[in-house]
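Engineer: Residue numbers (this note's numbering), protein chains in the order written: chain H, 116 to 241; chain F, 116 to 241. C-beta atoms are modelled at their ideal positions from N, C-alpha and C, and glycine is treated no differently. For clarity, every value in this text was computed on a predicted model and none was experimentally measured. The structure under discussion is supplied below as structure tokens; questions concerning it will follow.
Number of protein chains: 2
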Amino acid sequence: MNLNYSKLDGLVPAVVQDHASGRVLMLGFMNDEAFRRTVETGDVTFFSRSRSRLWVKGESSGHRLRVREIATDCDQDCVLVKVEALGPGVCHEGYASCFFRRLANGAWQETEPRVFDPAAVYGGTP
Amino acid sequence: MNLNYSKLDGLVPAVVQDHASGRVLMLGFMNDEAFRRTVETGDVTFFSRSRSRLWVKGESSGHRLRVREIATDCDQDCVLVKVEALGPGVCHEGYASCFFRRLANGAWQETEPRVFDPAAVYGGTP
Chain H
116 MNLNYSKLDG LVPAVVQDHA SGRVLMLGFM NDEAFRRTVE TGDVTFFSRS
166 RSRLWVKGES SGHRLRVREI ATDCDQDCVL VKVEALGPGV CHEGYASCFF
216 RRLANGAWQE TEPRVFDPAA VYGGTP
Chain F
116 MNLNYSKLDG LVPAVVQDHA SGRVLMLGFM NDEAFRRTVE TGDVTFFSRS
166 RSRLWVKGES SGHRLRVREI ATDCDQDCVL VKVEALGPGV CHEGYASCFF
216 RRLANGAWQE TEPRVFDPAA VYGGTP
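What follows is the structure, given as structure tokens:
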């Protein structure tokens with residue numbers, strides 16, 4: 116189950132998609148250890164570039180992403196993880212998906228309401 | 116319609132999703148010029164890291180990706196492009212989606228047949 120981490124300094128992009136609705140929820144990055152932990156534990160685990168450490172998605176919010184299926188692409192330099200998302204939303208700003216802004220008339224417009232209060236979930240650090 | 120290109124040396128990952136089926140078809144990278152051309156022309160345009168130039172997806176195969184909707188994420192460092200895919204498949208290896216391998220029992224397994232002959236489409240350079 117090797118992947119090609121060489122194109123992105125040891126990382127691969129990981130696209131997270133809701134297994135039931137097909138909605139793309141977020142994109143993170145994995146190094147080899149994060150990928151292997153994701154496979155072994157069934158909880159999506161990223162490598163946080165800003166914190167330079169492994170990051171089990173939902174470790175603070177409880178909104179874990181349970182793996183249903185993992186695919187890779189032709190070049191094996193990217194993964195697509197289909198998940199069951201625990202909790203109301205994956206976005207640290209309180210939305211169901213991180214992709215809550217759509218391009219309309221040359222500007223980004225929010226297209227949906229928040230589904231949870233990020234201050235309550237993340238302790239005031241949205 | 117600004118994006119944050121600073122985290123990835125001037126690029127953002129661009130997830131391409133079929134607007135009708137919801138299938139994730141591929142992931143590429145865009146620099147600011149590629150993103151702006153994508154918006155202006157309606158044809159998905161990447162920045163090819165291997166060739167260091169703009170790459171209109173389908174420029175050689177004819178399998179262009181027509182933009183239906185563009186979303187960005189909370190950090191504005193990634194885009195999700197919903198498309199109508201012209202042609203039978205987006206993958207240079209002849210598959211409908213680049214994500215044609217799934218993890219099963221610790222190994223990558225092909226999960227679907229080719230939908231076109233890459234040698235015929237790409238002139239012997241699959």
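Quick one: is Arg166(F) buried, meaning 16 or more other Cβ sit within 10 Å of its Cβ, or exposed?
Structural biologist: Numbered from its first residue, the second sequence carries residue 166(F) at position 51. By the neighbour-count rule (16 or more Cβ atoms within 10 Å), Arg166(F) is not buried but exposed.
Engineer: So which residues of chain F does Val139(H) contact, with C-beta pairs closer than 8 Å?
Structural biologist: Here the question's residue 139(H) lines up with position 24 in the first sequence. Result: Val130, Gln132, Val139 and Leu195.
Engineer: What is the residue span of the alpha helix (DSSP H) that Glu148(F) lies within?
Structural biologist: By one-based count along the second sequence, residue 148(F) stands at place 33. Note, Glu148(F): alpha helix (DSSP H), Asp147 to Thr156.
Engineer: In whole angstroms, what is the alpha-carbon distance linking Thr153(H) and Val194(F)?
Structural biologist: On the first sequence, position 38 is the one that residue 153(H) refers to. On the second sequence, position 79 is the one that residue 194(F) refers to. Their backbone Cα atoms lie some 24 Å apart in a straight line.
Engineer: Can the beta-carbon of His134(F) be found closer than 9 Å to that of Val198(F)?
Structural biologist: In the second sequence, residue 134(F) corresponds to position 19, counting from 1. In the second sequence, residue 198(F) corresponds to position 83, counting from 1. Their beta carbons are under 9 Å apart, which means His134(F) touches Val198(F) by this criterion.
Engineer: What residues of chain F sit near Glu184(H), judged by a beta carbon separation below 8 Å?
Structural biologist: Counting from one through the first sequence, the residue named residue 184(H) turns up at place 69. Under the 8 Å cutoff, chain F gives Arg217 and Leu218.
Engineer: Kindly indicate which three-state DSSP category Thr240(H) falls into: helix, strand or coil?
Structural biologist: In the first sequence, residue 240(H) corresponds to position 125, counting from 1. Caution applies to Thr240(H), whose pLDDT of 48 falls short of 50 and renders its modelled position unreliable; the model cannot decide the point.
Engineer: What residues in the stretch 200-215 of chain H bring their beta carbon closer than 9 Å to a beta carbon of chain F?
Structural biologist: From the stretch 200-215 of chain H, only Cys206, His207, Glu208, Tyr210, Ser212, Cys213, Phe214 and Phe215 have a Cβ closer than 9 Å to chain F.
Engineer: When you compare only the Cα positions, how much space is there between Gly137(H) and Val131(H)?
Structural biologist: Taking the first sequence and counting its residues from 1, one reaches residue 137(H) at position 22. Taking the first sequence and counting its residues from 1, one reaches residue 131(H) at position 16. C-alpha separation (whole angstroms): 10 Å.
Engineer: Hey, does Gly173(H) have any beta-carbon neighbour from chain F nearer than 9 Å?
Structural biologist: Start at 1 with the first residue of the first sequence, and residue 173(H) comes out as number 58. False, the Cβ-Cβ gap to chain F never drops below 9 Å.
Engineer: Going by beta-carbon coordinates alone, are Asp192(F) and Val139(F) separated by less than 9 Å?
Structural biologist: For the purposes of this step, residue 192(F) is identified with residue 77 of the second sequence, where counting begins at 1. For the purposes of this step, residue 139(F) is identified with residue 24 of the second sequence, where counting begins at 1. No, these two residues do not count as a Cβ contact at 9 Å.
Engineer: From the DSSP output, in three-state form, read off Lys172(H) for me.
Structural biologist: Numbered from 1 along the first sequence, position 57 holds the residue referred to as residue 172(H). Reduced to three states, the DSSP call for Lys172(H) is coil.
Engineer: Starting from the Cα of His178(H), find the closest Cα among Cys189(H), Phe162(H), Asp188(H) and His207(H) and give me that residue.
Structural biologist: Start at 1 with the first residue of the first sequence, and residue 178(H) comes out as number 63. Closest option to His178(H), Cα to Cα, is His207(H).
Engineer: List the residues that DSSP assigns as beta-bridge partners of Gly143(F).
Structural biologist: Here the question's residue 143(F) lines up with position 28 in the second sequence. Ala129(F), per the DSSP bridge assignment.
Engineer: Using 10 angstroms around the beta-carbon of Ala186(F), count the other beta-carbons present and answer buried if the total reaches 16, otherwise exposed.
Structural biologist: In the second sequence, counting from the first residue as 1, residue 186(F) sits at position 71. Buried, because 16 or more other Cβ atoms sit within 10 Å of the Cβ of Ala186(F).
Engineer: Between the beta-carbon of Val170(F) and the beta-carbon of Gly202(F), is there less than 9 Å?
Structural biologist: For the purposes of this step, residue 170(F) is identified with residue 55 of the second sequence, where counting begins at 1. For the purposes of this step, residue 202(F) is identified with residue 87 of the second sequence, where counting begins at 1. Correcting the residue type first, residue 170(F) is Trp in the shown sequence and not Val. In this structure, Gly202(F) does not lie closer than 9 Å to Trp170(F) by Cβ.
Engineer: Rounded to the nearest angstrom, how far is the Cβ of Met116(F) from that of Ala222(H), given a contact under 8 Å?
Structural biologist: For this step, residue 116(F) is matched to residue 1 along the second sequence. For this step, residue 222(H) is matched to residue 107 along the first sequence. Sure, about 6 Å apart at Cβ, within 8 Å.
Engineer: Specify, as a first and last residue, the run of the beta strand (DSSP E) that Thr160(H) falls within.
Structural biologist: Stepping through the first sequence from its first residue, residue 160(H) is reached at position 45. Looking at the DSSP string, the run of the beta strand (DSSP E) that includes Thr160(H) is Thr160 to Ser163.
Engineer: Name, please, each residue of chain H whose Cβ falls closer than 7 Å to the Cβ of Trp223(F).
Structural biologist: To locate residue 223(F), count along the second sequence from 1; it is residue 108. Here the neighbours are Met116 and Thr187.
Engineer: Please confirm whether Val159(H) has its beta-carbon closer than 9 Å to some beta-carbon of chain F.
Structural biologist: Here residue 159(H) refers to the residue found at position 44 of the first sequence. No, because no Cβ of chain F sits closer than 9 Å to the Cβ of Val159(H).
Engineer: Please confirm whether Arg179(H) has its beta-carbon closer than 9 Å to some beta-carbon of chain F.
Structural biologist: Counting from one through the first sequence, the residue named residue 179(H) turns up at place 64. Chain F contact via Cβ: absent.
Engineer: Hey, does Val198(H) have any beta-carbon neighbour from chain F nearer than 9 Å?
Structural biologist: Here the question's residue 198(H) lines up with position 83 in the first sequence. Not closer than 9 Å to any Cβ of chain F, the Cβ of Val198(H) fails to qualify, so no.
Engineer: Is the beta carbon of Tyr237(F) less than 9 Å from the beta carbon of Ser176(F)?
Structural biologist: Within the second sequence, the letter at position 122 stands for residue 237(F). Within the second sequence, the letter at position 61 stands for residue 176(F). Yes, these two residues count as a Cβ contact at 9 Å.
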